[in-house]
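Participant: For the sequence shown, my numbering assigns the number -13 to the initial residue and increments by one for each residue that follows.
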Amino acid sequence: MKNIAIFASGSGTNAQKIIEYFSTAKSANVRLILSNKTDAFVLERARKFSIPCLVFDRDDLYNSDTVLQALLENDIFMIVLAGFLWLLPEDILDHFPGRVVNIHPALLPDYGGKGMYGSRVHRAVIANRDKESGITIHYVNSKYDEGDIIFQARCEVKPDDSPESLAERIHALEHKYYPLIIDKLIREAEDVEAQE
């Protein structure tokens, strides 16, 4: 069974859906939650499931090996970003090639990049009168939202949508598909390992 680490900065609804999914899945389990905010509600969610947490600051992430060592000590196979807004440093990306994924609340390459997250994205989609939006699950590289796209799911943008009402439909897509795609990626990686 593979170990997953989730990086999150906020409430952690996606993290909880992933934890719940892998509490019964055979392929992997969530081994570690990492956050750059001491008051992030995702830490409470993790405690309810007895999952260890690591809280770190910018210095820990970029100027020391604290975070990387925690990942290695917990035998992490895949890193999942779920509402985490900092770029990961090269040393972490190098240790987990093709095994760091993120979810974005829009159809990339549109509405991506630094500062485009959460309600900011939904406001931009509505302001542009787009007919549809959705989610993008993608690999993580050294630039915001520019990694290769793994999966997208779409939903209608209604004429009377507010950022909040659109966010509800986007969250439903995230909660449905993110755990499934993570599971699929891990199973595919295991198949490759078995053939080597």
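Backbone N, C-alpha and C fix where the C-beta goes; we use that ideal spot for every residue, glycine too.
Could you tell me the distance, in whole angstroms, from the CA atom of Tyr125 to the CA atom of Leu67?
Facilitator: 10 Å
Participant: According to DSSP, which residues form a beta bridge with Glu142?
Facilitator: Glu118
Participant: Could you give the distance in angstroms between the alpha-carbon of Leu171 and the alpha-carbon of Arg85?
Facilitator: 9 Å
Participant: Within 10 angstroms of the Cβ of Gly101, are there 16 or more other Cβ atoms? Answer buried if so, exposed if not.
Facilitator: Gly101 comes out exposed.
Participant: Is it buried or exposed, Leu57, if we count other Cβ atoms within 10 angstroms and call 16 or more buried?
Facilitator: Under this definition Leu57 is a buried residue.
Participant: With distances taken Cα to Cα, identify the nearest neighbour of Arg(-11) among Glu160, Ile4, Lys34.
Facilitator: For the record, residue -11 in the displayed sequence is Asn; it is not Arg. Closest option to Asn(-11), Cα to Cα, is Ile4.
Participant: Could you compute how far the alpha carbon of Glu118 sits from the alpha carbon of Glu132?
Facilitator: 21 Å
Participant: Let me know if Leu166 comes out buried or exposed under the rule of 16 or more other beta-carbons within 10 Å of its beta-carbon.
Facilitator: exposed
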